[in-house]
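Scroll down for the structure; my scribbles are underneath it.
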Ligand SMILES: Nc1nc2c(ncn2[C@@H]2O[C@H](COP(=O)(O)OP(=O)(O)OP(=O)(O)O)[C@@H](O)[C@H]2O)c(=O)[nH]1
Ligand SMILES: [Mg+2]
């Protein structure tokens, strides 16, 4: 009798396990159990990873994220649901050359305007003034405008006899020179000393942060890297959904928290997950914040400090909307006081005639523009390359 009871018990357990497995496979993304302490849920990432050894939480882990027993995170190969295929985004190389025609609005004011004047037989003072005004109208800024005009003036003799193609080349050279061709624009996305690169993305409301995080994940996946996303914008549930959708398309895991939860906890959890999964890069999205609200700006500092209890933040990207002009530069200054910004992302350059803003932002902030957004398409984000950008501004023959 006892034997029969044991046999029935084993049968029941086997049945329950079988049903559980079937249900799990049917989901588009797998969610691990809620972390009791943080309410964080996880979806699976793309890269096949060896299951990590269970680790104890670090001694200096902040109170808000100390779980009794943090779920050990196993990151098996991400498998899309049958019939669903992960997208394969293009690599970073060559993106700007492909997208530079999106600078069309800038081209019409800068390229055409300048080339028309430069092509005149003998340049008068009025002509030079017109050149200056055209550059200023494209938001190039006074310092760079003066530099470009002075250099072109020293080449007056050459200009007088130059062909259309030669004029274009001269102009591209001068624009490239003010775009900081020698600045280091390497993105801090690589693993260092056995830990993932950690990218924190900050900026004011609506600048394009979440979109940039999603697009950046695609750039990284396109370059063969493994990525985890952190949805540390806990103000709106929709923000985490938005990010998760970007991730799911390329098989990248998103760590998210409860709406209204502590953003630093989510960022911490995302980095912990990335460490355990041994991914290359963890990219953390943050909530849009008004640069005038001191409390919100302080919160950014906290997010960074909490993350750095585990791994150094290797890149802080400030996302600026290129259509906001001078205001963007003012905002940027406040952000640089709250966190050390290591790179600027200028978004919406496709929607402005003021492509020269890149020059001004770099010169006034002393921070390199590392990425630019040139459209709403999933792969419309490109690493910034001065010469290709200058060519885009001037336009094709
Ligand atoms: N045309 C164009 N639109 C862009 C670009 N980058 C972002 N956008 C659009 O800008 C809008 C805002 O983008 P989000 O990524 O939601 O901005 P956010 O900074 O995360 O906003 P909050 O989280 O509300 O602060 C969206 O409609 C994006 O499609 C770009 O390079 N070009
Ligand atoms: Mg957002």
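Numbering (the numbering used here), first residue to last: -15 to 381. For every residue, glycine included, the Cβ atom is placed at its ideal position computed from N, Cα and C.
Three or more pairs of CB atoms, one per stretch, sit closer than 8 Å, so the region 205 to 221 contacts the region 247 to 264. By the C-beta density criterion, residue 361 is exposed, having fewer than 16 other C-beta atoms within 10 angstroms. For residue 237, the closest alpha carbon among the candidates 222, 223, 263 is that of 263. A heavy atom of ligand 2 is found nearer than 6 Å to the CB of residue 217. For the pair of segments examined, the region 125 to 133 was found to touch the region 155 to 174: the number of CB pairs separated by less than 8 Å reaches three. Beta-carbon to beta-carbon, residue 331 and residue 357 are separated by about 3 Å, close enough to satisfy the 8 Å threshold.
Taking the Cβ of residue 192 as the reference point, at least one heavy atom of ligand 1 falls within a distance shorter than 6 Å. Secondary structure at residue 136: helix, using DSSP grouped into helix, strand and coil. If one requires a minimum length of 3 residues, the beta strand (DSSP E) runs lying completely within the region 139 to 186 are 181 to 186, in chain order. Annotation: residue 195 to residue 295 spans about 24 Å, alpha carbon to alpha carbon. Between residue 341 and residue 379, the beta carbon gap of about 17 Å keeps them out of contact (Cβ cut-off 8 Å). For residue 190, no alpha helix (DSSP H) segment is defined, and its DSSP state is neither H nor E.
The continuous stretches of beta strand (DSSP E) do not include residue 108, and DSSP gives it neither H nor E. Taking a C-beta distance under 7 Å as the contact criterion, residue 316 and residue 349 qualify as a contact pair. Here residue 210 is buried, its C-beta having at least 16 other C-beta atoms within 10 Å. Residue nearest to residue 135 within the set 156, 123, 121, 303 is 156 (criterion: CA-CA distance). For residue 145, the number of other beta carbons within 10 angstroms of its own is below 16, and it is reported as exposed.
Secondary structure at residue 225: helix, using DSSP grouped into helix, strand and coil. Remark: the C-beta of residue 201 is outside contact range of ligand 2, defined as less than 6 Å to any heavy atom. Annotated as distal: residue 363 and residue 75, with beta-carbon spacing of 7 Å or more.
Rounded to the nearest angstrom, the gap between the Cα atoms of residue 232 and residue 253 is 19 Å. The beta carbon of residue 172 sits closer than 6 Å to the beta carbons of 181, 298, 299 from its chain, once the five residues preceding and following it are set aside; these are given in chain order.
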